[in-house]
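Residue numbers (our numbering): 2 to 161.
From the three backbone atoms N, C-alpha and C, an ideal C-beta is built for every residue, glycine too.
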């Protein structure tokens, strides 16, 4: 069965992601393929659109504009927090990643932008926001998702 990539399909891809300078940011080539549920927002929208209709064995080079990747970088998404809000023994460095709970209880990932005296500048932008993403992708597998996978919004493969 050589199904095409489309909504309701579980897709396995190997990928390499590069920044606009050609530096590798992330790659699945040395590990397991990435498994995602097409149409469920598991991957950035620009890549998902570009993979629609692909078949197993296809290779694609996809450039994704920031607005269809991790969004535009928003200067208003950087906020100052007092140094005392962090454990005293923690050595805060730009680029450090934290999980923070929003007022609505949603957990999100934030990054240390900089440390300025007694203030820690926290960036709520994704580190790849504002960046054109350059993907090389190979479709490794496509199968119909189960009803449970569709209900949960992600595949229930061996990486669950």
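{"Item": "Limits of the alpha helix (DSSP H) - the one that residue 142 falls within", "Value": "Where residue 142 is concerned, there is no enclosing alpha helix (DSSP H), although the beta strand (DSSP E) it sits in stretches over 134-145."}
{"Item": "Which listed residue (8, 123, 85) has its alpha carbon closest to that of residue 43", "Value": "8"}
{"Item": "Spatial neighbours of residue 54 in its chain, beta-carbon cut-off 6 Å, leaving aside the 5 residues before and after", "Value": "5"}
{"Item": "Environment of residue 47 [buried if 16+ CB atoms lie within 10 Å]", "Value": "buried"}
{"Item": "N-terminal and C-terminal residue of the alpha helix (DSSP H) that residue 48 is part of", "Value": "46-52"}
{"Item": "Neighbour-count burial assignment, residue 33, 16 or more Cβ in a 10 Å radius", "Value": "exposed"}
{"Item": "Three-state secondary structure (DSSP) of residue 74", "Value": "coil"}
{"Item": "The stretch 69-77 / the stretch 120-128 touching (three or more Cβ pairs under 8 Å)", "Value": "yes"}
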